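Positions in the sequence shown are counted from 1; adding 27 to them yields this note's numbering.
Step one of this worksheet: look at the structure below.
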Amino acid sequence: MTLNQRIPMQGELKFQNVTESRLSIDDVLQRILRFMAQDPASLYHFVIGSDSQVYRGYTKFVTGIVIHRPGKGAWACYRQVIVPREMTSVKEKLSMETSLSQEVASYFAGDAVHQMEEVLLPYVYQGASLQSFIDIDAGTRPIVNKTSLYVQEMVERVEAMGIYRARVKPESVVASSYANRYTKNPSRKVM
């Protein structure tokens, strides 16, 4: 049984990266498992994070998925969502970013994370481990970052999921660097 069959999906989730497009959630999981199998005795960070950019008439959201072997490379992909209006509220954008990250994370919360752990299990005593995070593109310093007012609320939402730890700036690199990179180009197709 595939992830798509186990979990009812509201819409078709399709991901892409610099070499592939139209990846299903199952394709993403298979790429992650293949990447992990290349070095199963390593530490892995499985991270999901979203960022957004407001354009004239719409807001573009990008959610990134990254499996990272610290110091030894990563595999990543992203999903784009277009909201057909300009979202100007910082809280609304941050809440939507968190919701999109949680939506993608929910597809991995059960069997998929278990499959990732199974790859590493024989190597636990050699240092293998998996840490799962949802990156929130918000900072904790009010003088520097307008999002700091909403950080605690978003962290609590993520941690209520029970499987992911929340990371905020400056640690939230998937949201603030990877996803952010793909929000910078205007979308050709506005829904």
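Using N, Cα and C, we set each Cβ at its ideal position, and we do this for glycine too.
The structure displayed is predicted, hence computed values, not measured ones.
Test item: CB-CB of residue i and residue j under 9 Å
i: Arg96; j: Phe62; result: yes
i: Val201; j: Ala193; result: no
i: Ile161; j: Ser204; result: no
i: Val108; j: Phe88; result: yes
i: Glu82; j: Glu113; result: Sequence check: residue 82 is Tyr here, not Glu. Their beta carbons are under 9 Å apart, which means Tyr82 touches Glu113 by this criterion.
i: Tyr71; j: Leu157; result: yes
i: Ser77; j: Glu124; result: yes
Residue i in three-state terms, based on DSSP
i: Arg96; result: coil
i: Ile59; result: helix
i: Val182; result: helix
i: Gln65; result: coil
i: Asp78; result: strand
i: Thr161; result: The sequence shown places Ile at residue 161, not Thr. In the structure shown, Ile161 sits in a strand (DSSP, three-state: E or B).
i: Met36; result: With a pLDDT of only 40 at Met36, under the threshold of 50, the placement of this residue in the model should not be trusted; the figure read from the coordinates follows. Three-state DSSP puts Met36 in coil, outside helix and strand.
i: Met28; result: Residue placement at Met28 is flagged as unreliable, the pLDDT there being 34, under the threshold of 50; the coordinate-derived value follows with that caveat. Coil, per DSSP.
i: Asn44; result: coil
i: Ile190; result: coil
i: Lys196; result: coil
i: Lys173; result: helix
i: Arg83; result: coil
Residue nearest to residue i in terms of C-alpha spacing, selected from the options
i: Phe73; options: Ser199, Gln179, Ser214; result: Ser199
i: Met143; options: Glu183, Ala101, Val55, Leu60; result: Leu60
i: Gly91; options: Tyr82, Gln65, Ala132; result: Ala132
i: Ser126; options: Asp164, Ala155, Gln158, Val93; result: Asp164
i: Glu180; options: Ser48, Phe88, Lys118, Cys104; result: Lys118
i: Ile94; options: Arg112, Ile75, Val81, Tyr85; result: Ile75
i: Gln65; options: Asn207, Cys104, Lys99, Glu130; result: Lys99
Nearest-angstrom Cβ-Cβ length linking residue i and residue j, presumed shorter than 8 Å
i: Pro67; j: Ala155; result: 6 Å
i: Gln80; j: Lys196; result: About 17 Å separates the two Cβ atoms, so there is no contact after all.
i: Leu40; j: Cys104; result: That pair is no contact at about 11 Å.
At what residue ranges does the stretch 113-146 contain a whole run of the beta strand (DSSP E), taking only runs of 3 or more? Qualifying beta strand (DSSP E) stretches: none in this window.
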